[in-house]
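Chemist: Dropping a structure here in structure tokens format, bear with me for questions.
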Amino acid sequence: MNESDKEHNGTHRTRVRWYRFGAIVGRRVISNTRSTFLVGALLVFPIALTYLVLRFTFDTIDGIVRPAIEHLFDISLPGLGILVEIAIIYLAGLLFSNFVGRRLIGWTQRMLLRVPVIGFVYNASKQLIESFSGTGGTGFKRVVMIEYPRKGTWTIGFLTSITSGNDGDKLAVVYIPTAPTPNSGWVALLPLDDVHDTDLTVQQALRLVLSGGILSPSTIKTRKIEASETQ
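Counting from 132, one number per residue, gives the positions in the sequence shown under this note's numbering.
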């Protein structure tokens with residue numbers, strides 16, 4: 132091999148090394164960019180959604196109230212919709228916090244439940260909210276882990292109830308949420324021995340799911356659920 136061939140081979144190896152180095156750097160940049168974008172999206176989207184809902188509510192109320200006030204009192208009050216919105220929210224909370232208000236809201240809910248389609252949607256939504264908030268006696272009481280989708284991989288779930296199979300063995304009914312939208316998911320029935328209790332609260336588990344695992348606790352302790360605990 133002459134000097135020209137050696138020089139050519141050396142140049143080729145140098146190009147290959149630089150190409151591999153560029154590919155590695157490119158993959159790392161793409162990975163870091165994707166992770167940073169995900170963190171930003173998880174931060175911005177809830178804020179943007181809250182802003183859009185409040186803005187829609189404000190524009191709707193302001194569009195109804197302000198013309199009426201201007202017509203009755205011949206004055207212009209910019210931002211009146213915000214004041215009315217705050218007043219409505221406060222009055223709703225005040226109404227619900229007293230006995231008469233609870234009776235009125237209870238009567239309204241019973242009327243809604245009697246309407247065929249609306250009643251079904253309202254009841255399902257109400258139960259779902261109570262489940263995630265832990266109110267109404269139907270909330271998720273335990274955060275559990277199951278070995279899914281394969282051995283050695285663990286998935287967060289919410290224990291909803293305990294039932295029995297044909298042979299009398301205990302079965303755990305577990306709701307498995309999807310990330311980052313825990314209101315969608317699926318239900319699994321598992322032998323009680325395959326379900327591990329955790330020390331996480333429902334709020335901690337929801338933060339973990341909503342953040343796609345970014346807001347994970349430093350440690351998660353688990354233990355088997357004893358059959359005597361489900362009696």
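Each residue gets a CB set at the ideal place from its N, CA and C atoms; glycine is no exception.
1) Taking the straight line between their C-alpha atoms, what separation do you get for N254 and F176?
2) Can you tell me where the alpha helix (DSSP H) holding L302 begins and where it ends?
3) Helix, strand or coil for G288? Go by DSSP, reduced to three states.
4) Below 9 angstroms between beta carbons: does that hold for V184 and V196?
5) Which one of D328, V340, G194 has the shortest CA to CA distance from T94?
6) How is E278 classed by DSSP in three states: helix, strand or coil?
7) In three-state terms, what does DSSP make of T164?
8) Using 8 angstroms for Cβ pairs, my map puts A319 next to V340. What's the rounded Cβ distance?
9) Excluding sequence positions up to five away, which residues of its chain have a Cβ less than 7 angstroms from the Cβ of L321?
10) Is it the case that the region 276 to 290 contacts the region 244 to 251, given that we only count it when at least three CB pairs across the two stretches are under 8 angstroms?
11) Among all the DSSP beta bridges, which residues are the ones paired with I293?
12) Whose C-beta lies closer than 8 angstroms to the C-beta of T332 among residues of the same chain, with five residues either side of it excluded?
13) How would you label P198, buried or exposed, when you count the other beta carbons within 10 angstroms and need 16 or more for buried?
14) Would you say I219 and I236 are within 9 angstroms of each other, going by their C-beta atoms?
15) What are the boundary residues of the beta strand (DSSP E) that V340 is part of?
16) Would the beta-carbon of I293 fall within 9 angstroms of that of A336?
17) How many whole angstroms separate the CB atoms of I356 and D330, which I take to be in contact at a CB cut-off of 8 angstroms?
18) Under the three-state reduction of DSSP, which class applies to G316: helix, strand or coil?
Modeler: Well, looking at it:
1) 28 angstroms
2) Unbroken run through L302 is the beta strand (DSSP E), 301 to 308; no alpha helix (DSSP H).
3) strand
4) no
5) For residue 94 there is no data in the structure shown, the boundaries of the chain being 132 and 362.
6) strand
7) helix
8) With 8 angstroms as the limit, A319 and V340 do not qualify as a contact, their Cβ atoms being about 16 angstroms apart.
9) I277, L302, A303, V305
10) no
11) A303
12) V274
13) exposed
14) no
15) Careful: V340 lies outside any beta strand (DSSP E), inside the alpha helix (DSSP H) at 333 to 341.
16) no
17) Rounded, the Cβ-Cβ distance is 13 angstroms, inconsistent with contact.
18) strand
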